[in-house]
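This report refers to the structure that appears directly beneath it.
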Amino acid sequence: KQEVTQIPAALSVPEGENLVLNCSFTDSAIYNLQWFRQDPGKGLTSLLLIQSSQREQTSGRLNASLDKSSGRSTLYIAASQPGDSATYLCAVTPQSGTYKYIFGTGTRLKVLA
Amino acid sequence: NAGVTQTPKFRVLKTGQSMTLLCAQDMNHEYMYWYRQDPGMGLRLIHYSVGEGTTAKGEVPDGYNVSRLKKQNFLLGLESAAPSQTSVYFCASSPDQDTQYFGPGTRLTVL
């Protein structure tokens, strides 16, 4: 059974720091992996989607990498800002045609001004 | 273009009561999903639909029923609410197997 883990559960950093959030999954047979942002009391917003054949995706200050063989993905946030404070979740789609995301428990990030 | 909307935003039920949560999307997406989010457990898939008139079980379907009579609507029903169903419920829709678009959530408390 696919399990997705995110460490750390919470992280507090000063503004301007570069930081890395980690996501690990137990079964390397995935269709894609996605990183989401969730603000308190709100829904999820997709940040980056990495297909199984890709190694990384970039959007602005965000860069997500995928290493299927080791079951790991990282989300790199450059020059963090207080507005980046949110919970970040990763999710994997186990295989094509299943239409099911398996979510991690999230990392709650706080960027201090 | 409202995206994905959920009704209601908040609800308090007593044990044994029933209710229906409504999810609506105006993006003409084929696929729709219902998740629940509990502290420390991430999001878990309850039921999903791959098109109008279809439904399928997700990871935690017990105690819930769903219907997709119209393409734009996906209803989640609780026939006899239990305290274990206290949670935040999210609906999502997608045009394919990639990006899902989420609604703002419904916070349900069962006393």
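In the order they appear, the protein sequences are chains F and B. The numbering used here numbers the first residue of the first sequence as -5 and each following residue consecutively. The numbering used here numbers the first residue of the second sequence as 820 and each following residue consecutively. Heads up, the beta-carbon is just placed ideally off N, CA and C, and yes, glycines get one too. These figures come from a predicted structure and were not determined experimentally.
- Excluding five sequence positions before and after proline 880 of chain B, the CB atoms of its chain that fall closer than 7 Å to its own CB belong to Ile865 and His866, given in chain order.
- Every beta strand (DSSP E) of 3 residues or more that sits fully in the region 10 to 64 of chain F is shown, in chain order, as 13 to 19, 26 to 32, 38 to 45, 50 to 53 and 56 to 61.
- Ranking B:Met860, B:Pro858, B:Ser886 and B:Arg855 by CA distance to the CA of glycine 870 of chain B puts B:Ser886 first.
- Taken through DSSP and simplified to helix, strand or coil, aspartate 857 of chain B comes out as strand.
- For lysine 104 of chain F, the enclosing beta strand (DSSP E) stretches over residues 101 to 106.
- Serine 22 of chain F has a beta carbon lying at 8 Å or more from every beta carbon in chain B.
- Neighbourhood of threonine 99 of chain F in chain B, by CB distance below 8 Å: Gly859, Met860 and Gly861, in chain order.
- Taking every protein chain shown into account, the CB of glycine 35 of chain F has fewer than 16 other CB atoms within 10 angstroms, so this residue is exposed.
- Per the C-alpha coordinates, the member of F:Val7, F:Tyr95, F:Asn57 and F:Pro2 positioned closest to glycine 77 of chain F is F:Val7.
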